[in-house]
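Here is the structure we will look at, set down as structure tokens.
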Amino acid sequence: MIAIDRRSFQHFDWLLLALMLAILAIGFVNLFSTTQPLPPPQIGVASEFKTQLAALGLGLAGMVVAIAIDYRRLERGAPFFYVLVLASLALTVVFGIEIRGNKSFLKLGPFSLQPAEFAKLGLVVMMARHFHRHPPTEVRRLIDLIVPALLLALPVALIIAQRDTGVAVLTLLIGATFFLFVALPWRTWAILGVIAVAGAVGAWEVGLKPYQRARVLSFVQAGSGDSHGSDYQAIQSRIAVGSGGLTGQGWLQGPQNRGQFLPTQHSDFAFSVVAEEWGFAGGASALVLYAGLLLWGLAIAANSKDGFGGMLAVGVVSMLFWPAVINVAMVLGLAPVIGVPLPLISYGGSQLLANLVALGLLMNVSMRRYMF
1315 MIAIDRRSFQ
1325 HFDWLLLALM
1335 LAILAIGFVN
1345 LFSTTQPLPP
1355 PQIGVASEFK
1365 TQLAALGLGL
1375 AGMVVAIAID
1385 YRRLERGAPF
1395 FYVLVLASLA
1405 LTVVFGIEIR
1415 GNKSFLKLGP
1425 FSLQPAEFAK
1435 LGLVVMMARH
1445 FHRHPPTEVR
1455 RLIDLIVPAL
1465 LLALPVALII
1475 AQRDTGVAVL
1485 TLLIGATFFL
1495 FVALPWRTWA
1505 ILGVIAVAGA
1515 VGAWEVGLKP
1525 YQRARVLSFV
1535 QAGSGDSHGS
1545 DYQAIQSRIA
1555 VGSGGLTGQG
1565 WLQGPQNRGQ
1575 FLPTQHSDFA
1585 FSVVAEEWGF
1595 AGGASALVLY
1605 AGLLLWGLAI
1615 AANSKDGFGG
1625 MLAVGVVSML
1635 FWPAVINVAM
1645 VLGLAPVIGV
1655 PLPLISYGGS
1665 QLLANLVALG
1675 LLMNVSMRRY
1685 MF
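First residue of the sequence shown? That's 1315 in the numbering used here, and the numbers climb one at a time after it.
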């Protein structure tokens, strides 16, 4: 039954809602700027902005549903949700439409959906269920990690089959976050380290495309200077961030943004535009809001009254933490460009919808921690 108990409503998490809305506001103000036509300035509402607004409406509706259903009921339904997202990933591998070399989207009438974004949420719910029933502090043998490792490997493998390296890396990191809480001896961690290195070598040789390897090599070599090739996006991003100075060039006034020198400036490099138009002050303010949201999420996890709620909150925080860290590092030239959007700020209907539902679950855990 979908209903919000009066007692839980009395503990509604207004701080979490305020932090989320503040970040969303930055995202929409920035998206409006990044989707404006070339000079001379012509103020208009681009189709991307309208699409993101529609996704926001759906996401807020999904968030309300995620808040209303007692999160403890999700534990029973986790396997069904997990199988559903796996099936959607498999369908995308076969029937997905190809965009920039990736088969990540399913066409549903006039809409395009990226199932991998919802797979991250399905993985979080399933991993939270597993580690609630098998507490991390009781995991002391490598064999105890076989089941969660398989739960993680299945969606990652299907996303790799879609040739979406960025989302595959994120999904792997989100799932691996749960492993950080297990009580394994150091010898077992050493074995896992060897396995991780072997996996990285295999991914380099088989999983990465030539242009992706070129980007990584360019980053490792501290910039190849190839302003028209593999290093182009990183160079333009650093120019945009540097030109913002302390207070920025002003809204709709960023030269890199207005001249469209930044590729995917409304998605992967949205934070570059934030820094260019609002300067260090604006970029730092956005990061402070992110830090506040993530730290509050961890506080919710720590204060949860049951293991499933705590693990669920940790998973939701990891869904926001890893893409935020990688995206900002990528924009600043501290990580190779792998195509990772910034949650709640970058353009992308599927990722916005999935993140809002995830935040609804986080708010669900926060509200019901007083009701046990």
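Cβ coordinates follow ideal geometry from the N, Cα and C atoms, glycine included.
query                                                                                                                    : result
Coil, strand or helix - Lys1619 by DSSP                                                                                  : coil
Three or more C-beta pairs below 8 Å linking the segment 1446-1453 and the segment 1587-1601                             : no
Neighbourhood of Val1651 by C-beta distance below 7 Å, restricted to the same chain and skipping five residues each side : Arg1529, Gln1547, Ala1548, Met1644
Ser1361, buried or exposed, once every other Cβ within 10 Å from all chains shown has been counted against 16            : exposed
Delimiting residues of the alpha helix (DSSP H) encompassing Glu1412                                                     : Here Glu1412 belongs to no alpha helix (DSSP H); instead the beta strand (DSSP E) covers 1411-1413.
Proximal residues to Leu1329 (C-beta, below 7 Å), its chain only, five neighbours per side dropped                       : Trp1610
Selection from Ala1339, His1325, Phe1326, Gln1324 that minimises the alpha carbon distance to Ala1600                    : Ala1339
Where the beta strand (DSSP E) containing Gly1472 begins and where it ends                                               : Residue identity differs from the one stated: residue 1472 is Leu in this sequence, not Gly. Counting along the chain, Leu1472 falls outside any beta strand (DSSP E), though it belongs to the alpha helix (DSSP H) covering 1460-1475.
8 Å Cβ cutoff met for Phe1575 and Gln1550                                                                                : yes
Start-to-end residues for the alpha helix (DSSP H) that takes in Ser1267                                                 : Absent from the model: residue 1267. The displayed extent of the chain is 1315 to 1686, so no value can be given.
Same chain only: Cβ atoms within 7 Å of Leu1259, ignoring 5 sequence neighbours per side                                 : There is simply no residue 1259 to check, as the chain begins at 1315 and stops at 1686 in what is shown.
CB of Pro1462 within 8 Å of CB of Met1441, strictly                                                                      : yes
Residue ranges of each alpha helix (DSSP H) within the segment 1401-1448, 4 or longer                                    : 1429-1447
Between the CA atoms of Val1642 and Ala1649 - distance to the nearest angstrom                                           : 9 Å
His1448 vs Met1625 beta-carbon contact at 8 Å                                                                            : no
CB-CB length for Phe1395 against Gly1436, believed under 8 Å                                                             : 5 Å
Alpha-carbon to alpha-carbon, Ser1618 and Gln1563                                                                        : 44 Å
DSSP three-state assignment for Val1453, whether helix, strand or coil                                                   : coil
Whole-angstrom distance between Ala1404 and Glu1431, CA atom to CA atom                                                  : 14 Å
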